[in-house]
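Notes for the one structure printed next.
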Amino acid sequence: MILFTYVKLKNYKSLVDLTVDLCTKNNIPKNFICIYGANGSGKTNFSSVFKTLSDTLKTLQIRDIRERILSEREMGKNIDNNYLRFIYNDISNIIAENKTINSTENMILEFGFLIDEKPGCYQIEFDNERIVHEKLEYTLAKNRGCYFELSDSEIKINNFIFINSNYKKDFLENIKKFWGKHSVLSILLYDMEDKADGYLKDQLHQNLFNVLRFFNNISCRIIGQSYSLNQISSSYLSNINFDEGRIPLAEEPMLDQIRNYIQWFFTNTYKDIVGVYYKKNINENFIDYKLILQKKIYGTTTDVNFELESYGTKSLLDLLPFFIAAMQKGTVVIDEIDNAIHDILLFNLLSPLCSEMVGQLIITTHNIALLDLDVPKDSFYFVDISDDGAKTFNCATDFNRIQAENSIRSLYLRNKFHGLPWEKIDINYSDGLQILSKKQ
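The sequence shown begins at 21 in our numbering and counts up one residue at a time.
And the structure:
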């Protein structure tokens, strides 16, 4: 079992002081969490914190990627704008994008987790420019202890994490060289990829490897102002887009597996889709591919380029990699999961997933049909905003007198849990037109 147990935030976006408990009253982590709230209540901001955590793990890797990509751009190659956004995501940009506007105190992110029934905690703190404090606690030999704690005034590294001293010297040199602009976990993950295969496994304790794998296995789909940030962590999907793209010729068998999966999914969810295939163009050692749907249209089977499909169908394809990741012990965070998808269809998709998945799925939604899912009542969270703008995330069982037979959906619509749009909305569109007609 590998799950998040709580999230504690200070000065993160609109979430100035927030703690969200992701465990049951018996202190068991929940593997399905469904968050409701009015527009602008902070659901997307909460979802984004997992993407922010993941971003802090990749800053050293991105540094090398950025140098290579910029070199390719100078040679005239086109680079996707979203990818450019990704490669410029260093610590200073992460802080600028996420620290609460006009906040004078530091931004602090803290995550509780459970790996193999053993609890741990990771905390990272930022001022306006860099990391100023970082700490990891997890099981040592038997009991929980501190793996490392770094600040500008002190560096504590527990010798327990080193199996032998060969790597320790290099690691401490990298800490002095990189820490502040890069996190300890980013340095470790960079070395895992940079060193020879298996080298670090002989240098670092297995428990630390387990923590690194856990944090490196977060998949996020975040709806932004004008873009969607997708990040998939799955052994099947690391470099392959489902709709179209270019892959090395050696990865064609994996593309064929994905085609089989997409066909299985769409032929079981759409009555007019009878098959799918990839239109391929082999160019030297690469394959350019596009997804084609085979659809019944007035009695005739017609090949339809996927790019012509509806926004809702495209949204479903976007979700497929995340459903796969949830079935592979990963942590999956999906913001606005209901985006352009029919309420009943989404209910029918999530119902079996919730009962079969082995990972942790955290979603935000406005789809009230999901409140009837056959899951524990404490899976549902509701964002409440006080009169002064403070925000709290409460699960259904935090409220008094919720009985097993009570309908969560009915109680939510009666505003028992809050999380509904402001009840004092008073809009008269004629008044609005008069405002527009007044001369300044």
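Using N, Cα and C, we set each Cβ at its ideal position, and we do this for glycine too.
Non-local C-beta neighbours of residue 343 in its own chain, meaning closer than 7 Å and more than five positions away in sequence, comprise 373, ordered along the chain. A check of alpha carbon separations from residue 73 across 111, 52, 42 and 57 identifies 111 as the nearest.
Residue 312 sits away from residue 266, with the two beta carbons spaced by 8 Å or more. In the DSSP annotation of this structure, the continuous segment of the beta strand (DSSP E) that includes residue 239 starts and ends at 238-243. Counting only runs that start and end inside the segment 415-447, the alpha helix (DSSP H) elements of at least 4 residues fall at 428-433. By alpha-carbon distance to residue 163, the top candidate from 117, 129, 440 and 137 is 137. Residue 367 holds the alpha-carbon nearest to the alpha-carbon of residue 392 among 408, 367, 404 and 401.
Of the candidates 401, 446, 456 and 278, 401 places its Cα closest to the Cα of residue 432. In the three-state reduction of the DSSP assignment, residue 356 falls in the coil class, being assigned neither a helical nor a strand state.
Only residues of its own chain outside the window of five on either side were considered, and among them 22, 133 and 135 have a CB closer than 7 Å to the CB of residue 234, listed in chain order. With a threshold of 16 other beta carbon atoms within 10 Å, residue 269 falls short and is exposed. Straight-line spacing of the CA atoms in residue 223 and residue 57 works out to 46 Å. Restricted to the segment 118-182, the beta strand (DSSP E) segments that are unbroken, complete and at least 3 residues in length are 127-135, 138-146, 151-159, 164-171 and 175-177, listed in chain order. With respect to the 8 Å criterion, residue 220 and residue 199 are not classified as neighbours on the basis of their beta carbons. Going by beta carbons, residue 129 and residue 69 fall inside the 8 Å limit. For residue 284, DSSP assigns no beta-bridge partner whatsoever. When the alpha-carbon of residue 27 is set against those of 178, 142 and 330, the nearest one is in 142. In the DSSP assignment, residue 380 is bridged to 351.
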